[in-house]
Amino acid sequence: MRTFGSAVLVLAALLLAGAAVCGAWLSQNAVSAQGFSQLAEPLGEDEAFQSELSSAVASQASASLSEGLPAGLAALVEPVIENVVSGFQQAPGYPEAWTQTLERSHAATFDSGTPSLDLGPLLNLVSSEVAGEIGTEPADAGQRLLTVSSAEYSGELETLERFADSWPLFAAAGVLAALLGLLVARRRSTTVALIGAGTAGMAGALWLASGAAASIVERQTPANPVASAFTAGFIPLAESSFHSWLVVMLIAAVALIVLGLVFRLAAGNRRTVR
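Going by our numbering, the sequence shown opens with residue 1, and the numbers climb by one from there.
#1: State the DSSP-derived secondary structure class of L145, mapped to helix, strand or coil.
#2: CA-CA distance, V10 and S37?
#3: Who are the near neighbours of V175 in its chain, counting only those whose CB is closer than 8 Å to its CB and skipping five residues on each side?
#4: Between the stretch 225-242 and the stretch 39-49, can you find at least three pairs of beta-carbon atoms closer than 8 Å?
#5: Between the C-alpha atoms of V273 and L265, what's the straight-line distance to the nearest angstrom?
#6: Roughly how many angstroms lie between the CA atoms of E137 and A209, to the nearest whole one?
#7: Please look up how many angstroms separate the CB atoms of V226 and L146, rounded, as I've assumed it's under 8 Å.
#8: Could I get the ranges of all uninterrupted alpha helix (DSSP H) runs contained in the stretch 148-225, with 4 residues as the minimum, in chain order?
#9: What does a CB cutoff of less than 7 Å around S166 pick up in its chain, not counting 5 residues either side in sequence?
#10: Out of curiosity, what's the CA-to-CA distance linking R188 and A171?
#11: Looking at A33: is its Cβ nearer than 8 Å to the Cβ of H106?
#12: Does any residue of chain D bring its CB to less than 8 Å from the CB of T3?
#13: Near T101, which residues of its chain fall below 8 Å by C-beta distance, leaving aside the five closest residues on each side in sequence?
#14: Hey, how far is the Cα of V148 from the Cα of F163?
#15: Quick one: what does DSSP say D111 is sitting in, helix, strand or coil?
#16: Is it the case that the Cβ atoms of E41 and T99 are separated by a distance below 8 Å?
#17: Going by DSSP, which residues form a beta bridge with I265?
#18: Using DSSP's beta-bridge definition, name the partner residues of S116.
#19: Can you give me the C-alpha to C-alpha distance between V217 and L15, rounded to a whole angstrom?
#20: Given T3, which residues of its chain have a CB within under 8 Å of its CB, disregarding the five upstream and five downstream residues?
#21: Grouping DSSP H, G and I as helix and E and B as strand, with all else coil, what is P138?
#22: Rounding to the nearest angstrom, what Cα-Cα distance links G260 and T190 in this structure?
#23: Could you check where the alpha helix (DSSP H) with Q89 kicks off and where it finishes?
Here it is, written out as structure tokens:
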């Protein structure tokens with residue numbers, strides 16, 4: 001009976017540990033605007049994504065900056081806009097504008113429930129560069145949303161936030177369940193090793209699950225070429241980040257296995273000496 005009770009508690013601890021790891025990663029990299037922007041920041045140098053992004057920015061910048069201008073003057077401004085957009089990633093203010101784009105996109109997505117990119121900061125950068133070329137005052141682009149997915153995910157995002165915010169509870173409950181499992185166990189050293197083996201198995205299961213989740217997201221129909229390029233570039237970044245957390249989990253699992261085996265051998269040696 002003690003062995004069965006210990007097994008149930010250890011299994012609960014492993015499930016709670018898996019939930020805690022997933023929740024903590026989501027809290028840091030999905031729910032947090034700063035964490036999301038840091039995770040997606042390398043897309044600012046992704047050639048495929050930047051090519052599609054430049055086309056979208058050029059289209060919106062042309063419509064915005066040419067609005068209200070006479071046809072002749074608009075035709076003169078058009079080449080200036082194209083020239084600025086073709087190299088705006090090299091502008092001194094681009095890194096800051098890209099970070100603002102990600103943070104505002106995160107806010108817009110969680111506020112509306114529809115995955116979106118807010119191109120406003122990038123349009124402000126282009127507007128400033130164009131204004132410098134033609135000697136006018138730059139206009140504030142405000143919020144310029146580009147839909148990443150036409151689906152609405154308000155309910156899912158609320159659930160994700162609640163799950164992510166609960167990770168400390170999962171972690172505390174997991175530690176408590178593991179300690180109770182050790183207290184109930186007949187052979188605690190063996191139980192420690194089994195917790196380590198179970199942790200390794202949980203890390204492996206989460207690794208496979210993350211790959212399956214990525215495949216599901218990739219099969220979704222993107223709203224436009226920018227969305228397609230963003231998804232294609234962001235998914236590997238998210239997978240790589242989550243896998244780095246699972247590597248730490250695997251290292252902890254190996255440490256527990258070794259610790260359990262050492263304690264088991266030490267206990268056996270003490271019995272031999274007696």
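Positions of the beta carbon are idealized from the N, C-alpha and C atoms, including for glycine.
With the structure as the only source:
#1: strand
#2: 37 Å
#3: A13
#4: yes
#5: Note that V273 scores a pLDDT of 47, beneath 50, so its modelled location is shaky and nothing firm can be said.
#6: 51 Å
#7: 6 Å
#8: 154-165, 167-184 and 188-218
#9: G23
#10: 21 Å
#11: yes
#12: Of the chains in the structure shown, none is chain D; there is only one protein chain.
#13: L117, D118, L119, G120, P121 and L122
#14: 24 Å
#15: helix
#16: yes
#17: Residue 265 is actually Leu in this sequence, not Ile. None; L265 has no bridge partner.
#18: T147
#19: 24 Å
#20: A185 and R186
#21: coil
#22: 6 Å
#23: First-last for Q89: undefined, no H or E at that position.
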